[in-house]
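Each residue of the sequence shown is one higher than the one before, starting from 1427 at the first, in our numbering.
For every residue, glycine included, the Cβ atom is placed at its ideal position computed from N, Cα and C.
What follows is one structure encoded as structure tokens, with my remarks underneath.
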Amino acid sequence: MKTAELRKAFLEYFKANQHTIVKSSSLVPHDDPTLLFTTAGMVQFKRPLLGEEKRDYVRATSSQKCMRAGGKHNDLRNVGRTARHHTFFEMLGNFSFGDYFKKEAILFGWEFFTDHLQLPKDKLYASVHEGDEEMGLGVDQEAMEEWARYLPQE
């Protein structure tokens, strides 16, 4: 499958599941002084995700152009050395603004990978947030339980 085909399949799958396809925002975010570049698909949805802005839709999907040249997710030392590390890439994403949460998000992901892309179920793995004592966060038990519906716990 070529990149354009994968992008189209992803966006069309989420459109069929009542998500609005939103165009990629600028690579340079004009309304976020905390970022030099758009580094993730959620950047253009930051305000609705924080409840600071309402949109005409409660579900969105996008293929966001992103650039990472340093900071928290700095992979610069691997750019050019591996086939999977780049400074520029497109990030596919699906977003809910108070409409659904982990159960549905995990189901959407599972269906897309297994039904639409027909990836072998025994080759798929999931990870969940392990918690952070310093921040007072425990293991993401809800996500762990949802993934256990589809994958063996390891």
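As assigned by DSSP and simplified to three states, the class of residue i
| i | result |
| --- | --- |
| Gln1470 | helix |
| Gly1519 | strand |
| Phe1538 | helix |
| Thr1446 | strand |
| Lys1434 | helix |
| Met1570 | helix |
| Arg1503 | helix |
| Lys1428 | coil |
| Phe1514 | strand |
| Lys1491 | strand |
| Leu1475 | helix |
Closest Cα partner of residue i within the set the options
| i | options | result |
| --- | --- | --- |
| Leu1453 | Ser1553, Met1517 and Leu1577 | Met1517 |
| Asn1443 | Glu1580, Asp1525 and His1555 | Asp1525 |
| His1581 | Ile1447, Lys1472 and Leu1476 | Look at the range of the chain in this structure, 1427 to 1580, and you will see that residue 1581 is not part of it. |
| Trp1536 | Phe1436, Ala1495 and Ile1447 | Phe1436 |
Neighbour-count burial assignment, residue i, 16 or more Cβ in a 10 Å radius
| i | result |
| --- | --- |
| Arg1485 | buried |
| Pro1578 | exposed |
| Asn1520 | buried |
Q. Touching or not, the stretch 1521 to 1531 and the stretch 1542 to 1556, by the rule of three or more beta carbon pairs under 8 Å?
A. Flag = no, the stretch 1521 to 1531 and the stretch 1542 to 1556 do not touch.
Q) Do the stretch 1563 to 1576 and the stretch 1457 to 1476 meet, that is, are 3 or more Cβ pairs less than 8 Å apart? A) Too few Cβ pairs lie closer than 8 Å, so no.
Q: Assess, as a yes-or-no matter, whether the stretch 1506 to 1520 is touched by the stretch 1488 to 1495 under the definition of 3 or more beta carbon pairs within less than 8 Å.
A: Touching, yes.
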